[in-house]
Ligand SMILES: Nc1ncnc2c1ncn2[C@@H]1O[C@H](COP(=O)(O)OP(=O)(O)OP(=O)(O)O)[C@@H](O)[C@H]1O
Ligand SMILES: [Mg+2]
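In my numbering, the protein residues as written are 1 to 184.
See below:
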């Protein structure tokens, strides 16, 4: 994976597979501190202690099609090879939080890539799941919370309706992507 946005997509897929109803994706960065943090939190089925211990090891997976799960190990690698750190916290029946820290200027830090595209894809491909995206550069912040969008749309119009897609795309651009401002 050459873009952190694709790692985020991959980790959010784990949350979806875990039956999450709400997925919170947060991107915090500070250029003066040369740091950025990506976290993905869900209210899915969580993991037991044993799975949690093994989960960043590529030979742990609950997949049946192949034996090696790579999502978490790759995300971990992206942080640890860019002067950062990585953690997974989880409780069975409650949910999971994955957190990756980076040195922005580190030569091996992967570019963020198409964060807005990933956000749009997650929301429109999973219209029954709620997402809360939060981006902040330490001074300005922006949010997309699908629970709020739902309230405005009412019950009849789903988040994957074609006319909603155009609105979401613009909203994501203005409230998330513009805050990043091509800096990551
Ligand atoms: N958010 C989550 N909630 C519950 N369990 C999770 C979560 N994320 C990961 N897991 C557990 O950890 C395992 C490893 O996840 P990982 O993403 O590394 O691999 P995978 O999803 O099994 O395969 P891949 O991502 O390569 O398709 C999963 O199979 C699942 O059992
Ligand atoms: Mg996975």
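Beta carbons are placed, not taken as given, at the ideal position from N, Cα and C, and that holds for glycine.
9 Å Cβ cutoff met for residue i and residue j
i, j, result
"residue 181", "residue 137", "yes"
"residue 135", "residue 28", "yes"
"residue 26", "residue 11", "no"
"residue 131", "residue 112", "no"
"residue 141", "residue 94", "no"
"residue 34", "residue 85", "no"
"residue 62", "residue 71", "no"
"residue 127", "residue 158", "yes"
"residue 88", "residue 55", "yes"
"residue 178", "residue 97", "no"
"residue 133", "residue 184", "no"
"residue 74", "residue 14", "no"
"residue 4", "residue 78", "yes"
Which residues DSSP lists as bridging residue i, in chain order
i, result
"residue 35", "30, 103"
"residue 24", "41, 132"
"residue 91", "95"
"residue 144", "133"
"residue 86", "100"
Residues near residue i in its chain [Cβ-Cβ closer than 7 Å; skip 5 each side]
i, result
"residue 109", "82, 102, 103"
"residue 129", "16, 20, 21, 23"
"residue 48", "92"
"residue 76", "56, 86"
"residue 116", "172, 173, 176, 177"
Residues near residue i in its chain [Cβ-Cβ closer than 8 Å; skip 5 each side]
i, result
"residue 120", "165, 168, 169, 172"
"residue 155", "none"
"residue 37", "26, 27, 28, 29, 99, 100, 101, 102"
Chain-order list of residues whose beta-carbon lies under 6 Å from that of residue i (same chain, five-residue window excluded)
i, result
"residue 124", "160, 165"
"residue 52", "90"
"residue 147", "130"
Legend entry - Test item, CB below 6 Å from any non-hydrogen atom of ligand 2: Every residue whose beta carbon comes nearer than 6 Å to a heavy atom of ligand 2 appears here in chain order: 10, 13, 14, 69, 71.
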